[in-house]
Amino acid sequence: MLGLNGPDSIAPGSTGPPPNMSPSIAGANEDTRPLFPNPLSAPPCCGVTLRSQGRRPPANVPPRLLTIPIMTDPRVARSNALYARAQQLIPGGTQLVSRRPTRFANGVSPVFAARGQGARIWDVDGNEYIDWATGILAIILGYCDPVVDQAVIEQIHRGVNFSISTEVELELAEELVRTIPCAEMVRYTKGGGDACTVAVRIARGTTGRDKVLFCGYHGWHDWYLAANLDAAASLNAHLFPGIEPIGVPRALAGTAHPFPYGDTAALGTLLDEHRGEVAAVMMEPFRSERPPAGYLDEVARLTRAAGAVLIFDEVSTGLRFGLGGAQEFAGVTPDMAVYAKSMSNGYSFGAVVGTRAVMEPAARMFVSSTYWSDAVGIRAALTTIGELRRRNVPAQIAAYGEQIQQSINEVARSTGCPVKCGGLVQYPQLQFQVDDPHLKAKVVTLYIQEMARRGCHGYASFGLNAAQGAAELQQTTEAAREVFTLIAEGLHSQSIDRLLIAQPQQETFRRLVH
Numbered sequence: 002m003l004g005l006n007g008p009d010s011i012a013p014g015s016t017g018p019p020p021n022m023s024p025s026i027a028g029a030n031e032d033t034r035p036l037f038p039n040p041l042s043a044p045p046c047c048g049v050t051l052r053s054q055g056r057r058p059p060a061n062v063p064p065r066l067l068t069i070p071i072m073t074d075p076r077v078a079r080s081n082a083l084y085a086r087a088q089q090l091i092p093g094g095t096q097l098v099s100r101r102p103t104r105f106a107n108g109v110s111p112v113f114a115a116r117g118q119g120a121r122i123w124d125v126d127g128n129e130y131i132d133w134a135t136g137i138l139a140i141i142l143g144y145c146d147p148v149v150d151q152a153v154i155e156q157i158h159r160g161v162n163f164s165i166s167t168e169v170e171l172e173l174a175e176e177l178v179r180t181i182p183c184a185e186m187v188r189y190t191k192g193g194g195d196a197c198t199v200a201v202r203i204a205r206g207t208t209g210r211d212k213v214l215f216c217g218y219h220g221w222h223d224w225y226l227a228a229n230l231d232a233a234a235s236l237n238a239h240l241f242p243g244i245e246p247i248g249v250p251r252a253l254a255g256t257a258h259p260f261p262y263g264d265t266a267a268l269g270t271l272l273d274e275h276r277g278e279v280a281a282v283m284m285e286p287f288r289s290e291r292p293p294a295g296y297l298d299e300v301a302r303l304t305r306a307a308g309a310v311l312i313f314d315e316v317s318t319g320l321r322f323g324l325g326g327a328q329e330f331a332g333v334t335p336d337m338a339v340y341a342k343s344m345s346n347g348y349s350f351g352a353v354v355g356t357r358a359v360m361e362p363a364a365r366m367f368v369s370s371t372y373w374s375d376a377v378g379i380r381a382a383l384t385t386i387g388e389l390r391r392r393n394v395p396a397q398i399a400a401y402g403e404q405i406q407q408s409i410n411e412v413a414r415s416t417g418c419p420v421k422c423g424g425l426v427q428y429p430q431l432q433f434q435v436d437d438p439h440l441k442a443k444v445v446t447l448y449i450q451e452m453a454r455r456g457c458h459g460y461a462s463f464g465l466n467a468a469q470g471a472a473e474l475q476q477t478t479e480a481a482r483e484v485f486t487l488i489a490e491g492l493h494s495q496s497i498d499r500l501l502i503a504q505p506q507q508e509t510f511r512r513l514v515h
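Just add 1 to the spot in the sequence shown (first one is 1) and you have this note's numbering.
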């Protein structure tokens, strides 16, 4: 077995075979359906098997609010115990929806990390994993990169937050203006959602208009979730179904409207319907698939003809496709762009960049926060960009992603598993060719579950960073061969349910919909 410490046996009553056991040796699984299909509506106690950890349900929680028991792997016992505590203290159990256990293989995947180094993380139970989620795409050089960390340590010794500005703010601004095509002026934030909101505020202030058309996922703020005030399904294809805009003022109804990716006619229709009212068109230029030929050019033309500001959300694509971002890769320059995540290799930082014509009016707007000029995040971003350039990391990532796709597709062919590793090489995606959506969700969960038990943590995708190498490729390929064999046999014998320890994965972010 690769990467995991602890016994090969699983929890009493659970049925998924350990990695060294024949996939045919599996018993009947318990009913794993969650009482609360929408993870955002679940009460704080949901999603963990208190019974299997020897704990009594909290006295103040009615039994009807407890999740249907799930089975857990004892190798992540401490992770699951900590999550039980977290649900009593943190609404939803985590600070980020993407870190919730229901996004992985609940009960089997790790929930709490102890440390990271290079391409790997160690959970609180002592298990070692290749982190193919790569810090939810925030890590691009690898965990604890020595160059970035040393620069941050030196900055900490000089000071972190002052009552006046620091020179490193200007140094980074100059670097961004040199590097990103649309950048003539910049503002900083501490994360991607804030950066999107700042960009929308600036676009509204510059144009004197209120409405925003968007495509994809752009954070948790009121301007975005307001889309579901008009129609409860507005965010279904961009975030995930069932989002309730609780706490979003009803007065914002009608100010945010989604449009489908790849459909310029739909965008044109919306711009006509709201003529003279649209401040911005906000979108991810692409994510894991190359955009249709000429699509982004036409989006830019339509947006500017309508007098609106075109904003590219590059929080996730970031600098993975090149130092100039996705806009440089696509050859289409927006009016504004927002960055975060990998730009600072895991340190808290975000940036809004744009043309002088759009950004300069922000000097008259009240857009301000003490910690936006925190020198740690700024220093980390400046150093990360320097290392990306020095090591030619975008090219390295592209070459490595191509190797992953080739290796995984060879394994899929040899095992007869109905899956393809496709998409852009900078962010390879697994596409299971299973027609039934409910069965497909179970297959994806089984993949995540069994890869985790072989020391590979993540989703059905591969987030790449510069620390990954031959050892990670070999371990992942060997694990995938075993897991694809298990899935192929499970599909053939209609026994996927019996192989699952975890609950079926809750629906992930849609991001972009064609």
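Beta carbons: idealized from backbone N, C-alpha and C, even for Gly.
Alpha-carbon spacing of residue i relative to residue j, whole angstroms
i: T167; j: V354; result: 19 Å
i: E278; j: A503; result: 48 Å
i: T270; j: F287; result: 21 Å
i: R276; j: S235; result: 20 Å
i: G160; j: I244; result: 41 Å
i: A227; j: K421; result: 36 Å
i: D223; j: A267; result: 24 Å
i: G325; j: L447; result: 38 Å
i: S496; j: Q469; result: 34 Å
i: T103; j: Q96; result: 14 Å
i: K342; j: G193; result: 7 Å
i: G127; j: G93; result: 25 Å
i: V148; j: R121; result: 18 Å
i: Q406; j: G423; result: 7 Å
i: N346; j: H493; result: 43 Å
i: N81; j: V125; result: 10 Å
i: C457; j: E274; result: 48 Å
Residue i vs residue j beta-carbon contact at 7 Å
i: G108; j: T73; result: yes
i: I398; j: L501; result: no
i: M337; j: I312; result: yes
i: K191; j: T256; result: no
i: E451; j: I131; result: no
i: F350; j: C418; result: no
i: C197; j: V300; result: no
i: G459; j: W123; result: no
i: V153; j: A381; result: yes
i: L142; j: A461; result: no
i: L389; j: L320; result: yes
Counted within 10 angstroms of its Cβ, other Cβ atoms place residue i as buried (16 or more) or exposed
i: S164; result: exposed
i: F433; result: buried
i: S317; result: buried
i: G332; result: exposed
i: F367; result: exposed
i: D436; result: exposed
i: S110; result: buried
i: G209; result: exposed
i: I449; result: buried
i: T207; result: buried
i: S99; result: exposed
i: H439; result: exposed
i: P250; result: exposed
Three-state secondary structure assigned by DSSP to residue i
i: A254; result: coil
i: C457; result: strand
i: Q96; result: coil
i: G55; result: Confidence in G55 is poor, its pLDDT being 38 and thus under 50, which makes the residue's placement unreliable; the coordinate value appears in the next sentence. Three-state result, G55: coil.
i: R291; result: coil
i: R86; result: helix
i: R210; result: coil
i: E129; result: strand
i: M72; result: coil
i: Q506; result: coil
i: P259; result: strand
i: L440; result: helix
i: T304; result: helix
i: A115; result: strand
i: M366; result: coil
i: Q432; result: strand
i: W123; result: strand
Would the segment 406-417 and the segment 372-386 be scored as touching if the rule is three or more Cβ pairs under 8 Å?
-> no
Specify whether the segment 475-482 and the segment 142-161 touch according to this definition: at least 3 beta carbon pairs, one from each stretch, less than 8 Å apart.
-> Counting C-beta pairs closer than 8 Å gives fewer than three between the segment 475-482 and the segment 142-161, which falls short of the contact rule.
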